[in-house]
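Just below is one structure, and these are the notes that go with it.
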Amino acid sequence: MKKTACVAIFLFHIGLLSLVAHKGAHKEANKTNKTYNILFYYERTEGARIMGGTAKDEKITLGDLLPQEINGWKAEGKDEIYDPQTIFDYIDGAGEVYRSYNFKQLLARRFTKEGKPDIVADLFDMETSKDAFGVFTHDLEGEEAGIGQGSTYNGGLLSLWKDRFFVSLYSEEETEDTRKALFALGEKVASSIIKEGKKPDIVSLIPSENLTEKSAHYFHNHLILNYHFYVSDENILLLDQQTEAALGIYRENDEKSYLLVVRYPEVNKASMAYKSFMKSYMPDATELSLIQTEDMKWTAAKLQQDFIIIIFNAPSRFLAKGIIEELEERIKKYN
Amino acid sequence: MKKRVITRRDFLRVAAMTPFAGAFAYGFKIPEKMEAERRAKVVLIRNKNALISFKKPDPVVIQKMLDDSVTALLGEADPINAWKKFVKPSDIVGIKSNVWGPIPTTNEVEQALKRRIMDAGVAEDNIGIDDRGVRKNPIFKNATVIINARPARTHHWAGMGGCIKNHIMFVPLPSAYHGDSCADLATLWYKHNLKERTKLNVLLMLNPLFHGIGPHHYSDKYVWEYKGILVSQDPVAVDATGVRILQAKRREYFNEERPLRPPAKHVYLADSRHNLGVSDSDKIELIKLGWNEGILI
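Protein chains in written order, with the working numbering: chain A, 5 to 339; chain B, -12 to 284.
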């Protein structure tokens, strides 16, 4: 009875009981996700090139999604275009983040206004709305900006995503004027992107109540997992660009717990990954893939068809087991 | 021999064994073997007048800070005599700078270093200052001595941008070192004799970036005027000390333990895996000079 009560309290705290609300929101998102019908192409500075798309009724260049002027700031110089090979010329090591989300193109445009700090607009074509959402969840710090399908503002940086695009708008110094200009620019870009995109389904498995940030993190590979929660120097979960993962971070008092759900393209691969993880991370697990780690917290793991569920840093064994069982139920319903 | 997998639990084990749990838990310092006792010396100097304005160093104060720190590092009374231990008149000297836009090494620091190298007898024509062009710069190609000077900052992929990472421009494909959050950056120091040629590491803590956001990993919001400089002949020791200061600032600012993300493990692996220098603060003699307010460590 005591155990059941503990689990129930914990599950309530981390929001597992909000499943119904999630499903409703998910259905709503589906309604707005109609077929992308914009023939999308881009420019390199001269000429245009067809990049992809399905319809014939509309043509948009990547540069067309950004205005030439905003609140007196004017576009300066030629737009710069980067791809996964050249992105390091522009943003050094951070380029790995965008590569981890399969980005295709980045357009950078600088805006200047005499006597004011420059504004830099970076528009990423992530090819899919899942990855646009995913790269947005990489850095969720800041206040909600209410633009696009998700946005944050923090310290002179406005980030947003909509459809297959991730947009970063950054002022080299933060002033009241730049803040207004960034928001105006964000609204302009968001309104230029006609369609809305669908969030990755797997994120709906992560309870959203009491997340420490606005959303769970969505990603593919172990580099990004390690960025948010360091598991191992080696890729012991066999994550790659085909796997889909969601990580929810929860705080209770000053303690953080991490709920990871990974979906593999094949059941066999999930099984191999599970064995690999257990061998490296929990070789001493004796009961139900559950273990008390050296910091006196609990880690539990479960293989379920093509999914792996792992709870790291749970405050007790009962809670670790409880959340695994709950996620098993969620996945059954999900499938 | 098969490489050993290192997991979070390894760090937890180390943390459970040591009184310095906070530092080691993210330090990736794993006691796999008993090693010969190695030690390093680092000088931290601070001056509350080091900056004229936000990001603008005072050249006179900077010169004195560098002089005082180098003399303390080498146990010399006179800065020129100290510099003569790094360079001789026949040397060709490259000052490896850093031009990253928001927080560069700055001309004031570069010129202060160049002045003392010239004072030590090196001809001006044999001194070069460069960052991204070092592979094509004839001075750097032929340099017998390298002085490594750059600001400290958090880094989106390496955890910290410091003196170890500053030599990345000597290799043709920097992104080849991005694996596992730049874990093995130290290996580049064994190329082109960089380890032997680099005589001094200057980690600028004048206005460090302690947290980064967005694709450009920068906001003025997360820069603070620490007004300090770290110097050492050991690139690992100077970076490890810089990490401690950045961590302390993050702890103070966020009012919670907020480790660097990703952790700057390349600094600690430079010690434990690559023997480039010393990362363990117990083995670093830290000499603190000057302004003490808000020193954090």
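Note that CB positions come from ideal geometry on N, CA and C, so glycine has one too.
Model, not experiment: these values are computed from the prediction.
Exercise. Would you give the residue range spanned by the beta strand (DSSP E) that P121(A) belongs to?
Key: Taken as a continuous stretch (DSSP letters only), P121(A) belongs to no beta strand (DSSP E), as it is neither H nor E.
Quick check: is the beta carbon of T247(A) nearer than 7 Å to any beta carbon in chain B? no
Review point. Could one say the Cβ of F137(A) lies closer than 7 Å to chain B's Cβ atoms, at least one of them?
Key: no
**Message:** Let me make sure I understand the geometry here. Which of Q50(B), R122(B), P66(B) and E111(B) has the alpha-carbon closest to that of T93(B)?
**Reply:** Q50(B)
Q) Does DSSP put H232(A) in a helix, a strand or coil? A) helix
| Buried or exposed: where does F244(B) fall if 16 or more other Cβ atoms within 10 Å of its Cβ makes it buried? | Checking the displayed sequence, the identity of residue 244(B) turns out to be Glu instead of Phe. E244(B) should be labelled exposed.
| said: Our contact map puts S168(B) next to G160(A) with C-beta atoms below 8 Å; I'd like the distance itself, whole angstroms only. | reply: Wrong, their Cβ atoms sit about 26 Å apart, outside the cutoff.
Practice problem: Could you give the DSSP three-state label for S175(A): helix, strand or coil? | Solution: strand
Compare the C-beta of T(-6)(B) against all C-beta atoms of chain A and say whether one is closer than 7 Å. yes
Requested in this report: Taking Q50(B) as part of the alpha helix (DSSP H), name the residues at either end of that continuous run.
Outcome: P46 to L61
- Can the beta-carbon of L227(A) be found less than 7 Å from the beta-carbon of S320(A)? no
TODO: Please list, in chain order, all residues of the same chain as K270(B) whose beta carbon is under 6 Å from its beta carbon, the five residues on each side excluded.
DONE: R26
- Task: Return the chain-ordered ranges of every beta strand (DSSP E) run that is complete within the segment 206 to 256 of chain A and spans a minimum of 3 residues.
- Result: 221 to 223 and 248 to 256
C-alpha gap between Y177(B) and K152(B), whole angstroms
13 Å
_G152(A) to I200(B) span [Cα, whole Å]_ = 19 Å
Hey, could you find the ends of the alpha helix (DSSP H) S280(A) is sitting in?
V271 to Y285
At what residues does the beta strand (DSSP E) containing I274(B) begin and finish?
I271 to G277
According to DSSP, is Q308(A) helix, strand or coil? strand
For this session: Scan the segment 155 to 189 of chain B for residues whose Cβ lies nearer than 8 Å to a Cβ of chain D and list them as they occur along the chain.
Result: The structure shown has no chain D; the protein chains it does contain are A and B.
Is it the case that the Cβ atoms of A98(A) and P202(B) are separated by a distance below 7 Å?
yes
- Query: Taking R237(B) as the reference, which of M147(B), N85(B), R(-9)(B) and G62(B) has the closest Cα?
  - Reply: M147(B)
### Task
With G4(A) as the anchor, note down where its alpha helix (DSSP H) starts and where it stops.
Since the displayed chain A opens at 5 and closes at 339, residue 4(A) lies outside it and no answer follows.
Between the segment 131 to 161 of chain A and chain B, which residues of the former have CB atoms less than 7 Å from a CB of the latter, in chain order? D143, E145, N158, G159, G160 and L161
Query raised in the report: Between P76(B) and V109(B), is the Cβ-Cβ spacing less than 7 Å?
Result: yes
- Message: Going by beta-carbon coordinates alone, are L189(A) and I314(A) separated by less than 7 Å?
- Response: no
Assigned secondary structure, F128(A) (DSSP; H/G/I helix, E/B strand, else coil) = strand
Beta-carbon proximity check, N129(B) vs I82(B), cutoff 7 Å
no
Exercise for review: Report the residue ranges of all beta strand (DSSP E) runs contained in full by the segment 235 to 265 of chain B; include only those spanning at least 3 residues, in chain order.
Suggested key: none
Whose CA, out of D205(A), T297(A), D122(A) and L69(A), lies closest to the CA of F170(A)? L69(A)
Neighbourhood of G154(A) by C-beta distance below 6 Å, restricted to the same chain and skipping five residues each side: F140 and W165
Top-ranked residue by Cα proximity to I116(B), from K186(B), A37(B), I155(B) and E97(B):
E97(B)
Taking the CB atoms as reference points, tell me whether V266(A) and I295(A) lie closer together than 7 Å. no
Problem - Interface flag, P195(B) vs chain A, CB-CB below 7 Å - result: no
query = Quick one: is A421(A) near chain B, going by C-beta distance under 7 Å?
reply = The displayed coordinates of chain A run from 5 to 339. Any statement about residue 421(A) would go beyond what the structure contains.
| message | Is it the case that the segment 133 to 142 of chain B contacts the segment 227 to 241 of chain B, given that we only count it when at least three CB pairs across the two stretches are under 8 Å? | response | yes
Next on the checklist: Which same chain residues end up closer than 6 Å to P46(B) when comparing Cβ atoms and leaving out the 5 residues on each side of it in sequence?
Outcome noted: E95
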